[in-house]
DNA sequence: TTATTATATCGCAATAATACGATAATAGTT
DNA sequence: AACTATTATCGTATTATTGCGATATAATAA
């Protein structure tokens, strides 16, 4: 029926999946990298830089905000976006632990 | 029109997004963790453990295979799945570098 | 207040993802 | 060869995502 059965999985599994989903679009990855590498974090600059319509960028920004990766502050009639350092490191740790869990052993395959 | 404009982004950005998309479902995260933590990597065991229909698990396994995270070997009438160590470390590095790119500085926000 | 600028939301069309029953394909067994 | 067991694929209903034009909202300027 086309709807994810989240109740079958652990909180941690759902959390990794939720963050991954936000990273699962190149525009959102590009927006993050833009915020990492420049100080031009005004929405208008992002729209110009990425090359998608303003409405589309706004939607992507909302998804990034929804998991706390970025935050915005009003600056005149504009909004200035940036990475939320604390949340960034939280997520970094989440994925670090996920990937770290692999230990080469297992006679499997 | 509902189709991602991949040509606007770099290869690296599309690659991060592609892997993230595969990790963007708790069932696939759960399958990976199952392969990490046990030796019961037969499809049938995965179906039983996760609690989704066999057809659905098969679809998820195919997506995990599509980016090389897992691989399967035929074992009688069954298929034994496991993590592909080399690819795992590649992806681990990809995400490590992505997250590492953040440096707290910026008077932004 | 009215106009201007910038961003967010709405509504819609196109596409993709999720889940599953039914069926096909593959390997082993009798 | 016929049967069994296991996994993969097909078809389909439902839901979610992507992208954008149009419009609404918010902040400032005239």
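Residue numbers (the numbering used here), protein chains in the order written: chain A, 3 to 111; chain B, 3 to 111. Beta carbons: idealized from backbone N, C-alpha and C, even for Gly. Please read all numbers here as calculations on a predicted model, not as lab measurements.
In the DSSP assignment, residue 74 of chain B forms a beta bridge with B/83. Residue 25 of chain A places its beta carbon 8 Å or farther from that of residue 7 of chain B. The Cβ atoms of residue 35 of chain A and residue 15 of chain B lie closer than 8 Å to each other.
Sixteen is the threshold: when 16 or more other Cβ atoms of the shown chains lie within 10 Å of the Cβ of residue 72 of chain B, as they do, the residue is buried.
Assignment of beta-bridge partners to residue 33 of chain B by DSSP yields no partner.
For residue 22 of chain B, same chain residues with a beta-carbon under 7 Å away, outside a window of 5 residues either side, do not exist. Rounded to the nearest whole angstrom, the C-alpha separation of residue 61 of chain B and residue 29 of chain B is 11 Å.
For residue 54 of chain B, the nearest CB of chain A lies under 8 Å from its own CB, placing it at the interface with that chain. Neighbours of residue 27 of chain A across chain B, judged by C-beta separation under 7 Å: 6, 19. Think of a sphere of 9 Å around the beta carbon of residue 59 of chain A: no beta carbon from chain B falls inside it, the nearest being about 11 Å out.
Not a single CB atom of chain A sits nearer than 8 Å to the CB of residue 69 of chain B. Not one beta carbon of chain B lies nearer than 8 Å to the beta carbon of residue 49 of chain A.
Neighbours of residue 16 of chain A in chain B, taken as residues whose beta carbon is under 7 Å from its own, are 28 in chain order. Of the residues assessed, residue 48 of chain B falls on the buried side of the cut-off, its CB having 16 or more other CB atoms within 10 angstroms. Residue 65 of chain B has a beta carbon lying at 8 Å or more from every beta carbon in chain A. The Cβ of residue 38 of chain B sits closer than 8 Å to at least one Cβ of chain A.
Around the Cβ of residue 31 of chain A, a 10 Å sphere holds 16 or more other Cβ atoms; the residue is buried. Taking 8 Å as the cut-off, the beta carbon of residue 100 of chain B is found closer than this to the beta carbon of residue 18 of chain B.
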